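Numbering (this note's numbering), first residue to last: 3 to 192.
Beta carbons are placed, not taken as given, at the ideal position from N, Cα and C, and that holds for glycine.
On a predicted model such as this, the values are computed, not experimentally measured, just so you know.
Here's the structure, in structure tokens; my notes come after.
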């Protein structure tokens, strides 16, 4: 029988052990892994997470030490730093999968979106798009969608993910990204 230490390298155990200790770290990972192309700033994270900048900075430093995030300086102002997830990290896909399962998005994609077939674009909005846990999954679907069938699929997936799915449906000609100005959102599929 394989022991945990045999199945995961020493460095891997250290990463896993320190990875999931703390609500702030989980919130940061959720925010970054849900939308891996996003750039986040210290002050924005302080505001979004409702904690001091020092607390956020300490967690960012720990994630940087694990090479899970990278720091980039703005060209115009070297004092302004933003943080991005390191998509080249060997655990990136695995961690992203864990976060997607945690918020239930993997089930939504498998059980709803892929079965509808005529969906051109999918946007995640609301608290999950901001990287915060929520009892709701807010989606915007763009395409030719059979609404009664969509609602049947939603009824089936909600018990699986233990979250309420709220969805707005738009036809191709009815929707533009400009409609989503002001709120946090993330494009999931195109």
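Grab me the residues of residue i's own chain with a C-beta within less than 8 Å of its C-beta, minus the 5 sequence neighbours each way, in chain order.
i	result
residue 88	69, 70, 71, 72, 94
residue 4	Model confidence at residue 4 stands at a pLDDT of 30, short of 50, so the residue's coordinates are unreliable; what they give is reported in the following sentence. No residues qualify anywhere along the chain.
Alpha carbon to alpha carbon, how far is residue i from residue j?
i	j	result
residue 57	residue 46	13 Å
residue 66	residue 38	15 Å
residue 128	residue 36	13 Å
residue 157	residue 166	9 Å
residue 154	residue 164	16 Å
residue 80	residue 74	9 Å
residue 62	residue 152	39 Å
residue 44	residue 84	7 Å
residue 177	residue 144	7 Å
residue 182	residue 162	28 Å
residue 180	residue 170	15 Å
residue 150	residue 92	42 Å
residue 103	residue 42	22 Å
residue 8	residue 118	Summary for residue 8: the model assigns pLDDT 34, below 50, so the residue's position carries little reliability; its value from the coordinates is reported in the next sentence. Their backbone Cα atoms lie some 43 Å apart in a straight line.
residue 6	residue 175	Legend: pLDDT at residue 6 = 31, less than 50; position of this residue unreliable, value from coordinates given subsequently. Their Cα atoms are separated by approximately 53 Å.
residue 31	residue 86	10 Å
residue 107	residue 78	37 Å
residue 24	residue 96	19 Å
residue 40	residue 110	22 Å
residue 14	residue 126	Low confidence applies here, because residue 14 scores a pLDDT of 48, under 50, leaving its location unreliable; read the following figure in that light. Distance between the alpha carbons of residue 14 and residue 126: 31 Å.
residue 53	residue 60	12 Å
residue 116	residue 142	15 Å
With a CB to CB cut of under 6 Å and the five nearest residues on each side skipped, what residues in its chain are close to residue i?
i	result
residue 173	none
residue 48	55, 58
residue 202	Residue 202 is absent from the model: the chain starts at 3 and stops at 192.
residue 76	82
residue 168	138, 140
May I ask you to list the residues that DSSP assigns as paired with residue i?
i	result
residue 140	127, 168
residue 145	121
residue 74	84
residue 42	85
Leaving out five residues on either side along the sequence, give the residues of the same chain with a beta carbon under 7 Å from the beta carbon of residue i.
i	result
residue 51	26, 29, 58
residue 90	none
residue 136	128, 129, 130
Report yes if the C-beta distance between residue i and residue j is below 8 Å; otherwise report no.
i	j	result
residue 114	residue 159	yes
residue 147	residue 121	yes
Output yes if chain C places a C-beta closer than 8 Å to the C-beta of residue i; else output no.
i	result
residue 169	This model lacks chain C altogether; it includes just one protein chain.
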